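In the numbering used here, the protein residues as written are 5 to 212.
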């Protein structure tokens with residue numbers, strides 16, 4: 005089941021790459037979260053954008069302040085990102101099997117990416133995140149209020165099926181602590197993509 009979910013998500017992001025790119029803007033409600041992360045970076049920081057997509061707005065903003073490596077499993081999304089940021093390193097890979105050495109990064113972000121990873125791989129994913137982060141590295145990632153598994157056969161009206169296996173806040177905190185992270189807290193911003201006008205998306209803050 006996990007492989008089916010991952011394949012469906014990858015194929016969907018490949019299919020809707022350009023149209024989805026138009027929806028990810030530099031003035032989204034999550035930009036203040038990203039700005040707060042950037043403020044915590046030291047000089048000459050190297051940051052991993054795990055699930056970077058086409059590089060907007062996260063990778064683009066990070067690249068103005070740090071050396072960034074973007075990782076994604078969608079070839080189409082990475083192609084867009086590489087064209088947009090030719091001086092940035094982009095790697096095709098698996099977040100639960102990161103192709104990087106231990107203690108490589110001074111910070112890590114995962115905006116809207118952990119939510120697409122099968123739940124049986126969540127623990128391994130957080131262990132991998134901790135492995136590649138240097139001590140003290142700030143980490144922020146999008147999760148759900150509660151654990152939730154679902155699908156949408158015509159996500160955002162783009163004609164592609166999208167799937168999720170979202171870890172809730174409490175489960176995320178537990179798994180991150182078990183992986184060695186110090187969890188600092190959560191932050192919630194409005195979700196402008198959801199059909200529910202009152203929907204909100206939580207972020208978990210931690211450091212290695």
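All C-beta atoms, glycine included, are put in the ideal place defined by N, C-alpha and C. Bear in mind that the values here come from a model prediction, so they are computed numbers and not experimental data.
Remark: three or more beta-carbon pairs, one from each stretch, lie closer than 8 Å, so the region 123-131 and the region 168-184 are flagged as touching. For residue 43, there is no enclosing beta strand (DSSP E); the enclosing alpha helix (DSSP H) covers residues 35-43.
Per DSSP, the beta-bridge partners of residue 137 are 109. One thing to note: residue 50 has its Cβ within 8 Å of the Cβ of residue 108. Between the C-alpha atoms of residue 126 and residue 118 there is a straight-line separation of about 8 Å. Nearest C-alpha to residue 183 among 98, 163 and 136: 136. Residue 89 and residue 64 have their alpha carbons spaced roughly 7 Å apart.
Under the three-state reduction of DSSP, residue 126 is assigned to helix. Between the alpha carbons of residue 166 and residue 19 lies a gap of roughly 11 Å. Contact check for residue 138 and residue 110: beta-carbon distance about 6 Å, within the 8 Å limit, so the pair qualifies. Non-local C-beta neighbours of residue 149 in its own chain, meaning closer than 7 Å and more than five positions away in sequence, comprise 172, 173 and 206, ordered along the chain.
Your pair residue 191 and residue 210 does not check out as a contact, with CB atoms roughly 12 Å apart and the cut at 8 Å.
Taken through DSSP and simplified to helix, strand or coil, residue 92 comes out as coil. Using a Cβ distance threshold of 8 Å, residue 113 and residue 41 count as a contacting pair. Residue 53 and residue 134 have their C-alpha atoms some 14 Å from each other. Linking residue 156 to residue 163 through their CA atoms gives a straight-line distance of about 10 Å. If you look at residue 166, you'll find it in the beta strand (DSSP E) that goes 166-170. For residue 175, DSSP records no beta bridge to any residue. Residue range 71-76 is occupied by the beta strand (DSSP E) that includes residue 73.
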